[in-house]
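**Q** Sharing a structure, written as structure tokens. Questions coming.
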Amino acid sequence: MSQNATSPAGPDFARGVAARDVTETPLLGHANGEAVLLTRVAGEVCAVGATCTHYGAPLVDGHSADGAVRCPWHHACFSLRTGQALRPPALFDLPRYRVETAGDTVFVRERLQAPIPRRTPAARPRSVVIVGAGAAGNAAAETLRREGYDGPVTLVDPDPGAPCDRPNLSKDYLAGSAPAEWIPLHDAAFYEERAVEIRRARVRGLDAAAHRVALDDGATLDYGALILATGAEPIRLALPNAGTDVHVLRTLADSDGIVAAALGATRAVVLGASFIGLEVAASLRARGLAVHVVAPEARPLERVLGPALGDFIRALHEEHGVVFHLGRSARAFGVNAVELDDGASLAADFVVAGVGVRPAVALAEAAGLALDRGVVVDQGLRTSAPDVWAAGDLARWPDPHTGQAIRVEHWVVAERMGQTAARNVLGAGQRFDAVPFFWSQHYDVAINYVGHAERWDEIVVDGDPAARDCTVTYRAGGRELAVATIYRDTESLMYEAAMERRAGAAMPRG
Ligand SMILES: Cc1cc2nc3c(=O)[nH]c(=O)nc-3n(C[C@H](O)[C@H](O)[C@H](O)COP(=O)(O)OP(=O)(O)OC[C@H]3O[C@@H](n4cnc5c(N)ncnc54)[C@H](O)[C@@H]3O)c2cc1C
Ligand code: FES
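Okay, so the sequence shown: first residue is -13 according to the numbering used here, each after it adds one.
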């Protein structure tokens, strides 16, 4: 998908710019109508596109160091020398431009063809099967090809909507402000060109000793290496239901189902003040529905973000007309109604349950892989079975930043795990050391969260959430574990970079 938020600003580089003005800090300008960043990388003058290929953020507002620029919105990272997308969520490289120097003046000329990487992997399994075409599975398939693997790659997933931009399903797409063509991560031609076969089937059995998976269409696939990327599944409430339409949200079909229910409806109830529940509430408000949110906690998102941001989130949604029923749970569904545990009844044309997910471990469990509230992987994302890696929401990995084994449900983390798993399938021997990052969008407010804090003993709020300008730091034992920011993108990026330096985490080559 694309969305250009940067209109050409700054000097016209096609007419020339003084060479002394080109430094290691990217300079924003334009050439031939396109926004361009001009930089010096190790002395070489380089020009690349200035607009993030994910959702179109202006990269000049990001953080640049060591020849790379980080995007201010969702922390993608690009090489300033080659334009290569080094880190997700950007899936496409930036355009690169020819640079000409005449005397003291630098000129930016036409776009250059993307360089074709010529890499020879250290290991070459006879085939790679990836189970699950979500964030992790898609990233793994792309990375296998980027890293030069030329054997068969099969991506198995029964969901006809996968791989899709899942985070958008509760945000602009559900609100009706993102067109359907933004949702697929790539078109069919992309996979065909890379000889990645997408097999529409569910893997129902894994024989790790025989290196074989069984599909629900009766076929079997032998593999040299297997990447498990089955993600997580929404929890479905098993409550008595006399006649209310109850939805969950994980897939494109789920999101379309909610859109269909919202057409002609006037009242919706959201169960769960989770990120997904609240994003759904915001999107349904954008569609003009009356929205009630029911959740057992005292403050929305307090367990993840603490009381200050919890209060802010509640006030923000209330400003937009959402009605909260906190400290309450649903006990049954009536006829177009939700009955609460205090006896109250809320009218609802339909309900969306955003009450959490469970890691999709059934396949791994049946195959006897080591589990611990997810699939256990080592620092290179290997499972306990030979030649089987796991990546994404289902995997619990030893996180070098907290020193704990953690499992998260974050889009960018899943993509980065998919990349690392793919490189390790090819013998790279990399440690997975990404700093966890997620974002969540509520109306015009984006919350960016870097790090991981399951518990804390101190929260420091700098600034004012209500003024949409704050940094919230979560500490335990005097150590900073995580930082949440609102409209302080540079701080979020700097914090991420500092955490990486502390753990010796490396930027991929560009
Ligand atoms: C509506 C929504 C909004 C979100 N918003 C954000 C956000 O704003 N920011 C953020 O950081 N994160 C967000 N997330 C979380 C993020 O989408 C997940 O962390 C990410 O998708 C996990 O990637 P994954 O590859 O592990 O799993 P998934 O993306 O869920 O993919 C798993 C795939 O595996 C397939 N599968 C499962 N079992 C099998 C099987 N047996 N055989 C074959 N295929 C199988 C499934 O069909 C699925 O396509 C959101 C999630 C949802 C649902
Ligand atoms: S807009 Fe750049 S990472 Fe999303």
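Even for Gly, the Cβ is constructed at its ideal location relative to N, Cα and C. Being a predicted model, the structure only gives us computed values, none of them experimental.
Could you check where the beta strand (DSSP E) with Thr106 kicks off and where it finishes?
**A** Taking the sequence shown and counting its residues from 1, the one referred to as residue 106 is at position 120. Per DSSP, Thr106 lies in no beta strand (DSSP E) segment and is marked neither H nor E.
**Q** Counting by C-beta, which residues lie closer than 7 angstroms to a heavy atom of ligand 2, in chain order?
**A** Cys38, His40, Tyr41, Gly42, Ala43, Cys57, Trp59, His60, His61, Ala62, Pro75, Ala76
**Q** Consider the C-beta atom of Gly120 and the heavy atoms of ligand 1; say whether any pair is separated by less than 7 angstroms.
**A** As a first step, residue 120 is located in the sequence shown; it is residue number 134 there, counting from the start. True, at least one ligand heavy atom lies under 7 angstroms from that Cβ.
**Q** Kindly identify the DSSP beta-bridge partner or partners of Leu357.
**A** Translated into the one-based positions of the sequence shown, residue 357 becomes position 371. Residue pairing for Leu357: DSSP places it in a beta bridge opposite Val361.
**Q** Express the C-alpha separation of Ala28 and Thr388 in angstroms, rounding to a whole number.
**A** Counting from one through the sequence shown, the residue named residue 388 turns up at place 402. Counting from one through the sequence shown, the residue named residue 28 turns up at place 42. Computed Cα separation, rounded: 33 angstroms.
**Q** Between which residues of its own chain and Lys157 is the CB-CB distance below 6 angstroms, once the five residues before and five after are set aside?
**A** Position 171 of the sequence shown, counted from the first residue, corresponds to residue 157. For Lys157, where only same-chain residues beyond five positions count, the Cβ hits under 6 angstroms are Glu265, Gln427.
**Q** What residue range does the alpha helix (DSSP H) around Ile169 cover?
**A** Translated into the one-based positions of the sequence shown, residue 169 becomes position 183. Where Ile169 is concerned, there is no enclosing alpha helix (DSSP H), given that its DSSP letter is neither H nor E.
**Q** Locate the beta strand (DSSP E) running through Gly263, then write down its first and last residues.
**A** Position 277 of the sequence shown holds residue 263. First-last for Gly263: 261 to 272, but that is the alpha helix (DSSP H), not the beta strand (DSSP E).
**Q** Start and end of the alpha helix (DSSP H) containing Ser478?
**A** Within the sequence shown, the letter at position 492 stands for residue 478. Taken as a continuous stretch (DSSP letters only), the alpha helix (DSSP H) holding Ser478 covers 475 to 489.
**Q** Around the Cβ of Glu179, are there at least 16 other Cβ atoms within 10 angstroms (buried) or fewer (exposed)?
**A** Position 193 of the sequence shown, counted from the first residue, corresponds to residue 179. Answer is exposed; the Cβ neighbour count stays below 16.
**Q** How big is the Cα-Cα spacing for Arg300 and Tyr460?
**A** The sequence position of residue 300 within the sequence shown is 314, counting from 1. The sequence position of residue 460 within the sequence shown is 474, counting from 1. The alpha-carbon separation between Arg300 and Tyr460 amounts to approximately 20 angstroms.
**Q** Within its chain, find whatever has a CB closer than 8 angstroms to the CB of Met480; leave out the 5 residues flanking it on each side and keep chain order.
**A** Looking up residue 480 in the sequence shown gives position 494. Excluding sequence neighbours, Met480 sits near His49.
**Q** Kindly confirm or deny that the segment 438 to 449 and the segment 302 to 313 touch, where touching means at least three C-beta pairs closer than 8 angstroms.
**A** Taking a cut-off of 8 angstroms on C-beta distances, the segment 438 to 449 does not touch the segment 302 to 313, as fewer than three cross pairs fall below it.
**Q** By how many angstroms is the C-alpha of Asp208 removed from the C-alpha of Thr354?
**A** Position 368 of the sequence shown holds residue 354. Position 222 of the sequence shown holds residue 208. What sits at residue 354 in the sequence shown is Gly, not Thr. Gly354 and Asp208: Cα-Cα distance of roughly 18 angstroms.
**Q** Just grab the DSSP bridge partners of Ser426 for me.
**A** Within the sequence shown, residue 426 is the residue found at index 440, counting from 1. Answer is Ile433, bridged to Ser426.
**Q** State the start and end residues of the unbroken beta strand (DSSP E) segment that holds Gly2.
**A** Locating residue 2 in the sequence shown gives position 16, where the first residue counts as 1. No beta strand (DSSP E) contains Gly2, which DSSP labels as neither H nor E.
**Q** Are Val117 and Leu238 touching if we call contact CB-CB under 8 angstroms?
**A** Position 131 of the sequence shown, counted from the first residue, corresponds to residue 117. Position 252 of the sequence shown, counted from the first residue, corresponds to residue 238. Not a contact, by the Cβ cut-off of 8 angstroms.
**Q** For the alpha helix (DSSP H) containing Pro293, name the first residue and the last one.
**A** Along the sequence shown, one-based indexing puts residue 293 at 307. Taken as a continuous stretch (DSSP letters only), the alpha helix (DSSP H) holding Pro293 covers 288 to 305.
**Q** Does the distance between the C-beta of Ala215 and the nearest non-hydrogen atom of ligand 1 fall short of 7 angstroms?
**A** Within the sequence shown, numbered from 1, the residue matching residue 215 stands at position 229. True, at least one ligand heavy atom lies under 7 angstroms from that Cβ.
**Q** Would Leu14 and Asp7 qualify as a contact pair, given that the criterion is a beta-carbon distance under 8 angstroms?
**A** Sequence index remark: in the sequence shown, residue 14 carries index 28 (1-based). Sequence index remark: in the sequence shown, residue 7 carries index 21 (1-based). No. Outside cutoff.
**Q** How about Val142: is its Cβ closer than 7 angstroms to a heavy atom in ligand 1?
**A** To locate residue 142, count along the sequence shown from 1; it is residue 156. Yes - ligand 1 has a heavy atom lying nearer than 7 angstroms to the Cβ of Val142.
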